[in-house]
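Worksheet: one structure, shown below.
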Amino acid sequence: MDQRYDFPGVATVTGAASGIGQATAIAFARSGCRKIALLDRDESGLAETRTQILAITKTNQRPCEVEVIPFDVTSAESVASAYSSIRQKFGRIDYAVQCAGIVVFGSSTETSIEDFDKAISVNYRGLWLCTRQILQVMTDQTLDAEAFPDANIPSARAQRGSIVNLSSDLAYNAQPNTVAYIGSKGAVTALTRADAMDFVGQKIRVNCVLPGIVDSPMTKPTPEVREWLENNAVRETPAKRFGLPEEIADVAVFLASNKASFVTGANWAVDGGRLAGHC
Numbered sequence: 151m152d153q154r155y156d157f158p159g160v161a162t163v164t165g166a167a168s169g170i171g172q173a174t175a176i177a178f179a180r181s182g183c184r185k186i187a188l189l190d191r192d193e194s195g196l197a198e199t200r201t202q203i204l205a206i207t208k209t210n211q212r213p214c215e216v217e218v219i220p221f222d223v224t225s226a227e228s229v230a231s232a233y234s235s236i237r238q239k240f241g242r243i244d245y246a247v248q249c250a251g252i253v254v255f256g257s258s259t260e261t262s263i264e265d266f267d268k269a270i271s272v273n274y275r276g277l278w279l280c281t282r283q284i285l286q287v288m289t290d291q292t293l294d295a296e297a298f299p300d301a302n303i304p305s306a307r308a309q310r311g312s313i314v315n316l317s318s319d320l321a322y323n324a325q326p327n328t329v330a331y332i333g334s335k336g337a338v339t340a341l342t343r344a345d346a347m348d349f350v351g352q353k354i355r356v357n358c359v360l361p362g363i364v365d366s367p368m369t370k371p372t373p374e375v376r377e378w379l380e381n382n383a384v385r386e387t388p389a390k391r392f393g394l395p396e397e398i399a400d401v402a403v404f405l406a407s408n409k410a411s412f413v414t415g416a417n418w419a420v421d422g423g424r425l426a427g428h429c
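The working numbering applies: residue 151 is where the sequence shown begins, and numbers increase by one.
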């Protein structure tokens with residue numbers, strides 16, 4: 151992605167150590183964002199993402215401040231501390247993309263209570279904990295057009311902030327043995343619509359991206375799972391391939407930007423046509 155957008159503000163990305171989260175953080179950097187906070191529990195992965203961003207910004211001669219924040223998305227205290235650090239460092243949050251997530255396999259009778267609770271805790275409750283902190287910052291700050299006058303943001307497109315949540319096309323297109331994962335992602339799509347309605351009057355947009363089957367660490371937990379996905383999920387995808395993390399990131403960055411200023415409460419499928427073929 152080249153610099154097709156103007157990102158004068160501060161971006162935060164959870165799940166930034168790998169996969170879609172890492173690709174999203176890098177996409178922000180390629181698009182000219184100069185203040186990025188990376189959040190994940192994987193410290194070595196965060197360091198690698200930071201290294202890649204700094205290499206990119208050195209090449210394009212657009213220096214970028216990158217804040218690395220290891221945190222536990224399931225801990226309210228850890229989440230509050232992480233976003234407090236971001237606020238102290240940068241003063242505001244303009245674009246927040248929430249990619250942290252896990253996958254749990256099994257039907258209702260096969261999934262343990264512990265695994266079910268873990269999926270909900272990371273994918274839904276954890277995202278909500280982050281959302282609460284992000285919204286507290288965004289509702290307190292000025293519009294971006296006022297904060298960054300040199301960006302020449304038209305008044306109609308001005309925003310106080312933009313949140314992009316990562317769900318899954320499985321929220322609408324179920325597949326076998328993913329009950330906890332599907333339930334948690336369905337909750338994210340509903341939360342997105344609710345928050346969009348609650349905060350649109352304050353010039354805060356909230357949208358959701360629904361990735362299909364993506365070539366990322368989440369789709370490679372074991373060789374057996376990978377083979378099943380190739381023989382089933384990919385075969386059911388009209389595009390007949392895995393999506394790339396960068397393809398999901400490009401849509402997330404667009405939705406975060408002022409280019410999508412009239413878009414809120416939307417669930418965007420980026421799935422190679424899977425939903426179109428099933429709905």
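Beta carbons are placed, not taken as given, at the ideal position from N, Cα and C, and that holds for glycine.
Note that the C-beta distance between Ile-284 and Thr-162 is below 9 Å. Within the segment 318-378, the alpha helix (DSSP H) runs of at least 4 residues that lie entirely inside it are, in chain order, 329-349. Minimum Cα-Cα distance from Cys-249 among the listed residues Ala-295, Met-368, Asn-382 corresponds to Met-368.
For Asp-300, no beta strand (DSSP E) segment is defined, and its DSSP state is neither H nor E.
Following the DSSP letters along the chain, one finds Tyr-245 inside the beta strand (DSSP E) bounded by residues 245-248.
Going by C-alpha positions, Arg-424 is about 14 Å away from Asn-417.
Taking the C-beta atoms as reference points, Cys-183 is found nearer than 9 Å to Tyr-245. Asp-290: not part of any beta strand (DSSP E); member of the alpha helix (DSSP H) spanning 276-290, first to last residue. Close CB contacts of Gly-171 within its chain, under the 6 Å cut and outside five residues either way in sequence, are with Val-163, Gly-165, Cys-249 (chain order). Collapsing the DSSP output to three states places Ile-263 in a helix. Counting of Cβ neighbours within 10 angstroms places Met-288 among the buried residues, the total reaching 16 or more. The segment 264-277 and the segment 193-206 do not touch, with fewer than 3 CB-CB distances between them shorter than 8 Å.
Here Asn-382 carries a coil assignment [DSSP, helix/strand/coil].
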